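> Let me begin by handing over the structure; questions about it come next.
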Amino acid sequence: MIFFVSLLVVLMLLGAVAACIFRDLISAVIAAALVSLIASILFYFLQAPDVAMAEAAIGAALTTAIFIVAIRRTNRYEQ
Amino acid sequence: MRKTISIILLSIVAVGMSLSLAKVPFGQPKTKVGQRYIDKGVEETGAVNIVTSVVVSYRGFDTLGEVTVLFIAATGLGAVLKIGKREAAAIEPASFVLRTGCRVLFPLILVFGSYIFIHGHLTPGGGFQGGAIVASAFVLIYLGCRERRISETASTTLESLGGLVFVVAGLIGLAVGGYFLLNFVPKGQPYSLLSAGIIPVIYIAIGFKVGSELAGIIDNLIEEST
Amino acid sequence: MVDPVLLIAVPLALAFAIPALSLFSKRAAKFVPPIALSFNLVLSLLLLPRVLESPVIVSIGGWQPPFCINLVVGPVGILFSVIIAFVGLLVSIYAVDYIKERATEKYHTLYLLLLTGATGVVLTGDIFNLFVFFEILCISSYALVAYTGEKAGIESAVKYLIQGAVGSSLLLIGIGLLYGLFGTLNMADIAQQIESVSPISVFVPMVLIITGLGVEAAIFPLNAWLPDAHSSAPSSISAILSGIAIEVGLYAVVRVLFTIFGASSILLFLAFLGILTLLIGEMCAFSQNNIKRMLAYSSIGQIGLIVFALAMATSYAVTGGLFQLVSHTLSKALLFLAVGYMIYRTGSLDISALEGIGKTMPLTSLGFAIGAFSLVGLPPFTGFPSKFLIVRAALATKESLFIVLIGLALLGTVIEGAYFFRVVQVLYFKAGKNNPERKEAPVAALIPIVVFMILIIAIGMYPKLITGVLNSAASELLNRMDYIKSVLG
Amino acid sequence: MSFLENYAFYIGAFGLILIGLYVILVKHNLIKVIIGLAVLDTGVNLFLISVGYITEGTAPIFSGSETDGQQMVDPVPQALVLTAIVIGVAVLALALSLAIRLYHHYGTLNLREIREQKW
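Right, dumping it as structure tokens:
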């Protein structure tokens, strides 16, 4: 159990680093969505199903959609 | 240069936080308020989901503020983005399979979202989660079918109504029992759908409001301004 | 039965109703804020005598504190809510005519919500609730700064938003740490237990919370957003940001510092920061050619003085600081309102463009002159008794450090005098083009300007009008035990 | 082993907070900065929930069984985080709309190049 959690934490941090590094903003946003998704699984392990649901619906899904729409209307690559 | 300074700054933050965390051990009960909500929550509010009873009842005022924040964001976004006339972007239509799939899924997601916010006091979930799911149905229909299904009049009316129901329910509590947001309706039998007094009413209002606001935000963002 | 909850609930309900209302009539929206704020003003004034006897504690939801959110309406709270309602009302009357372009109903919604958020911050007794209302205040000001949609407005709104959002995250971490330490969110309850843990473990949350709130309060290293945001917002919003938003941020800092943490260790540091803020603000203001930026920097300077006065933490000094806060609110709101129409008529932000406007726009220019003189601290305007009180309080501490610092503050005042006189001179003693375009501002704009002028002179001549409230407000801030006792019984 | 059990969540939360702050401080692209804000928000939320966790605790939802009410995790941080998530998405949406308008005006999102106003 704790191994699984540690693995998820490591993955989540890697995702955050990836969101920092990627120059393609769409990829960065997807990495950020991965962070949100893993955070939502961690919320579930922390016995917070309500929050897990909110994070999955709002943090992972809607935020990503808003980001992608905004990127589509601006510039996809970070200069 | 900038990087070095920020790394030094961040290490100070990290050291400070780890120092203070020593007094906040993980996994041990620290709460004083929360324990009381667990002990008395079902009896006092009638909702078996204690998080819901905290969100809507014990800390309902926060939730009112939170709904307001979302309302501000939707209004502000409209004010910032709306210039000139509205005009949807011309994009080539999606494939037939995708279109049909989205159209079939759309009502199902709506039903699922409503289920989530109607049962907020019994199961995990509530107005915010349900509202977000409802909004995601609109995102799906936009992405899949390239069409917008939001009538501005309807979403504005829902937005206003949702907020007003919340405040007015609070004010009725003030008039009846002397406390704002007092749960003045009989609590009913726990575990049944019609229980917990005004909690489901408020959560449904929040659900509609959050759903229409989030959908409105997406709608405002996708429409191309000229 | 007047309940302080109505101060928040009624404006919120009206703001929620605006979108539905504007489906029927686009013009109706602009009358909602004046109605809501006059309601608030009347209600606050009705509450005032009761509050001065003993603080009014209201639980929300019908449970006892600390198990619910409660409003604590003490002298400080009611003082601030009267100021917010009053200044907000006058500025909203001004805005009826001033805001003409774009989606005006959205402007009025956001404006009303900004002031509701401010009222919530000053009334609440729960730290997380304070965070929520703080967010309402901040987010609506981000949107309002960007309201004009022009280059400068958008750019400053972005800067403001990023700094504000980082600040709120730090604030939230601080609140989380406090909750982990004490298991409660009620400010009085936390304050009661604060001595039970070692000072080191409270220090980190304190720094985080002060930093988070300090962004809005514009204390020195955190105020990079302020000159941009205040100068590029519509003038009515600049008046509110300078006159209300910073002050509310400052209130939150002081409330957290004095009441929750009872911290004396950090006060000296804060006094230094205050003087530093003051000197930087005044010096930058001196070198500006853009009139709104000059006023924005002057706000930074004034905030520095107020922080310094509050950080002395004697009863005299806190009274003086609050007095200075009130006089800054009134004068700076008046200045921005007056400048708003001058800019509108001349079409330029440059100080030199205002030449000779004293003849074509006499009342507006008189308003500007009175506001400027009051800020500098000339009698018989409100700035004089307030600055006098601060100087006297600093001398009364009999500590050489504070005496040196107040000397520096007076130096700042001299700089302030220099740049304000320069503008007044441009207004009255330089011959400008006699352009028929430069006519007097409309009546809706003149009403608030004249009311502010009368009030500034009235309080300046009879400081006793408000010193009673200020004294009890100061003693509420300094006696944290009374606060705890009144909330928890 | 017990180190991991005690600190895995805190490390995750503070890792996210630090990475988020780093992105905000160092990056020039506005959208990147906003992504940093989102990561920061997630970290703060994870931290708040971790504060409320109790070892071997159950979710604070009564299900009618006998063990109800014993060893439930703290519901208050969960309520706070629900609020914080919604506030976070509100700020993000507003920030992105400002970014769109900024791009409209300047044709770039590089904050280094957008410097009309100076001290």
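Residue numbers (our numbering), protein chains in the order written: chain A, 43 to 121; chain B, 1169 to 1394; chain C, 6 to 494; chain D, 14 to 132. C-beta: ideal position from N, C-alpha, C; glycine also. Computed from a prediction, not measured in an experiment: that's the story for all the values here.
(1) Would you please verify whether the beta carbon of Y35/D is less than 7 Å from any beta carbon of chain B?
(2) Given M466/C, which residues of its chain have a CB within under 7 Å of its CB, disregarding the five upstream and five downstream residues?
(3) Who are the Cβ neighbours of A21/D in its own chain at under 6 Å, not counting the five residues just before and after it?
(4) Could you work out which residues of chain B lie near I108/A, taking near to mean beta carbons separated by less than 8 Å?
(5) Considering only DSSP beta bridges, list what V63/C is partnered with.
(6) Might you give, ordered along the chain, the residues of its own chain that have their beta carbon closer than 6 Å to the beta carbon of W132/D, omitting 5 neighbours on each side?
(7) Over what stretch of residues does the alpha helix (DSSP H) that includes Q83/D continue unbroken?
(8) Report yes if the CB atom of L284/C is closer than 7 Å to the CB atom of I224/C, and no otherwise.
(9) Let me make sure I understand the geometry here. Which of G1312/B, V1279/B, T1291/B has the alpha-carbon closest to that of C1270/B?
(10) DSSP has Y119/A in a bridge; who is on the other side?
(11) Quick check on the burial criterion: 16 or more other C-beta atoms within 10 angstroms. Buried or exposed for V448/C?
(12) Taking a cut of 9 Å between CB atoms, which residues from the region 1225-1236 of chain B lie near chain D?
(13) Between V77/A and V52/D, which are expected to be in contact by the criterion C-beta below 8 Å, what is the C-beta distance as a whole number of angstroms?
(14) Roughly how many angstroms lie between the CA atoms of F1352/B and R1204/B, to the nearest whole one?
(15) With a floor of 4 residues, list each alpha helix (DSSP H) that falls wholly inside the region 239-295 of chain C, ordered by position along the chain.
(16) Please decide whether Y119/D counts as near chain B, where near means a Cβ-Cβ distance under 7 Å.
(17) Output the distance between the C-alpha atoms of R114/A and L1249/B, rounded to the nearest integer angstrom.
(18) Kindly say whether A61/A, judged by its beta-carbon, lies nearer than 7 Å to any beta-carbon of chain D.
(19) L59/D CB to nearest chain C CB: under 7 Å?
(20) If we count the other Cβ atoms within 10 Å of its Cβ and call it buried at 16 or more, is R397/C buried or exposed?
(21) Within the 7 Å Cβ cut-off, does V39/D reach chain B?
(22) Going by Cα to Cα distance, which pick from Y302/C, A478/C, L380/C is closest to V461/C?
(23) Is there a Cβ of chain A sitting closer than 7 Å to that of T55/D, yes or no?
(24) What are the boundary residues of the alpha helix (DSSP H) that includes G1184/B?
(25) Please report whether the beta-carbon of M200/A lies at a distance below 7 Å from any beta-carbon of chain D.
(26) Using a 10 Å radius around the Cβ and a threshold of 16 neighbouring Cβ atoms, would you call N1388/B buried or exposed?
(27) Can you tell me whether Y349/C is buried or exposed, with buried defined as 16 or more other CB within 10 angstroms of its CB?
(28) Report yes or no: is there a C-beta of chain G within less than 7 Å of the C-beta of G1312/B?
(29) Could you tell me whether the region 149-162 of chain C touches the region 84-92 of chain C, using the rule of 3 or more Cβ pairs below 8 Å?
(30) Look up I74/D in the DSSP assignment and say whether it is helix, strand or coil.
(31) Might you give, ordered along the chain, the residues of its own chain that have their beta carbon closer than 7 Å to the beta carbon of Q84/D, omitting 5 neighbours on each side?
(32) Given a cut-off of 7 Å on the beta-carbon distance, is the pair V10/C and A193/C in contact?
(33) Say whether chain B places a C-beta atom closer than 7 Å to the C-beta of L76/A.
(34) Curious, which full-length alpha helix (DSSP H) runs of at least 4 residues does the region 122-164 of chain C contain?
(35) Where does N228/C sit, in a helix, a strand or coil, going by DSSP?
(36) Hey, which unbroken runs of the alpha helix (DSSP H) at 4 residues or more fall wholly within the region 76-119 of chain C?
So, from the listed chains and residues:
(1) Residue 35/D sits at position 22 when you count from the first residue of the fourth sequence. By this cut-off, Y35/D is an interface position.
(2) Position 461 of the third sequence, counted from the first residue, corresponds to residue 466/C. Once the five neighbours on either side are set aside, the close Cβ partners of M466/C are P385.
(3) Locating residue 21/D in the fourth sequence gives position 8, counting from the first residue. Hits under 6 Å: none found.
(4) In the first sequence, counting from the first residue as 1, residue 108/A sits at position 66. Within chain B, the residues near I108/A are I1385, I1386, L1389.
(5) Here residue 63/C refers to the residue found at position 58 of the third sequence. Its beta-bridge partners are L76/C.
(6) Taking the fourth sequence and counting its residues from 1, the one referred to as residue 132/D is at position 119. At W132/D the pLDDT is 46, less than 50, meaning the model places this residue with poor confidence and gives no usable figure here.
(7) Within the fourth sequence, residue 83/D is the residue found at index 70, counting from 1. Neither: Q83/D is in no alpha helix (DSSP H) and is coded neither H nor E.
(8) Residue 284/C sits at position 279 when you count from the first residue of the third sequence. Residue 224/C sits at position 219 when you count from the first residue of the third sequence. Cβ distance not < 7 Å, so L284/C and I224/C don't count as in contact.
(9) In the second sequence, counting from the first residue as 1, residue 1270/B sits at position 102. It is G1312/B.
(10) Here the question's residue 119/A lines up with position 77 in the first sequence. Partner(s): D66/A.
(11) For the purposes of this step, residue 448/C is taken as the residue at position 443 of the third sequence. Its Cβ having fewer than 16 others within 10 Å, V448/C is exposed.
(12) Y1226, R1227, D1230, T1231, G1233, E1234, V1235
(13) Locating residue 77/A in the first sequence gives position 35, counting from the first residue. Locating residue 52/D in the fourth sequence gives position 39, counting from the first residue. Indeed, because the Cβ distance is near 6 Å, the residues count as touching under 8 Å.
(14) The count along the second sequence starts at 1 and reaches residue 1352/B at position 184. The count along the second sequence starts at 1 and reaches residue 1204/B at position 36. Computed Cα separation, rounded: 21 Å.
(15) 240-245, 251-259, 272-291
(16) To locate residue 119/D, count along the fourth sequence from 1; it is residue 106. No, because no Cβ of chain B sits closer than 7 Å to the Cβ of Y119/D.
(17) Here residue 114/A is taken as the residue at index 72 of the first sequence, counted from 1. Here residue 1249/B is taken as the residue at index 81 of the second sequence, counted from 1. Approximately 15 Å, taken between the alpha carbons.
(18) Residue mapping note: residue 61/A aligns to position 19 of the first sequence, counting from 1. Answer yes: the Cβ-Cβ gap between A61/A and chain D drops below 7 Å somewhere.
(19) The residue given as residue 59/D occupies position 46 in the fourth sequence. Chain C, which has no Cβ nearer than 7 Å to the Cβ of L59/D, makes this no.
(20) The residue you call residue 397/C lines up with position 392 of the third sequence. Its Cβ having fewer than 16 others within 10 Å, R397/C is exposed.
(21) In the fourth sequence, the residue the question calls residue 39/D occupies position 26. Yes, V39/D lies at the interface with chain B (some Cβ there is under 7 Å from its Cβ).
(22) Position 456 of the third sequence, counted from the start, is the residue given in the question as residue 461/C. Contrary to the premise, residue 461/C reads as Ile rather than Val in this sequence. The candidate whose alpha carbon is nearest that of I461/C is L380/C.
(23) Stepping through the fourth sequence from its first residue, residue 55/D is reached at position 42. Interface residue, yes.
(24) Within the second sequence, residue 1184/B is the residue found at index 16, counting from 1. 1170-1189 is the span of the alpha helix (DSSP H), which, as asked, contains G1184/B.
(25) Because chain A spans 43 through 121 in this model, residue 200/A falls outside it and cannot be assessed.
(26) Taking the first residue of the second sequence as 1, we reach residue 1388/B at position 220. Classification of N1388/B: buried, given that the 10 Å Cβ count is 16 or more.
(27) Sequence index remark: in the third sequence, residue 349/C carries index 344 (1-based). Exposed, because fewer than 16 other Cβ atoms sit within 10 Å of the Cβ of Y349/C.
(28) The structure shown contains no chain G; the protein chains it does contain are A, B, C and D.
(29) no
(30) Within the fourth sequence, the letter at position 61 stands for residue 74/D. If DSSP states are grouped into helix, strand and coil, I74/D belongs with the strands.
(31) Residue numbering aside, residue 84/D sits at position 71 when the fourth sequence is read from its first letter. Cβ neighbours of Q84/D beyond the five flanking positions: I67, E69, G70, T71.
(32) Taking the first residue of the third sequence as position 1, residue 10/C is located at position 5. Taking the first residue of the third sequence as position 1, residue 193/C is located at position 188. Their beta carbons are not under 7 Å apart, which means V10/C does not touch A193/C by this criterion.
(33) For the purposes of this step, residue 76/A is identified with residue 34 of the first sequence, where counting begins at 1. Cβ-Cβ to chain B under 7 Å: no for L76/A.
(34) 132-150
(35) Taking the first residue of the third sequence as 1, we reach residue 228/C at position 223. Coil.
(36) 80-103
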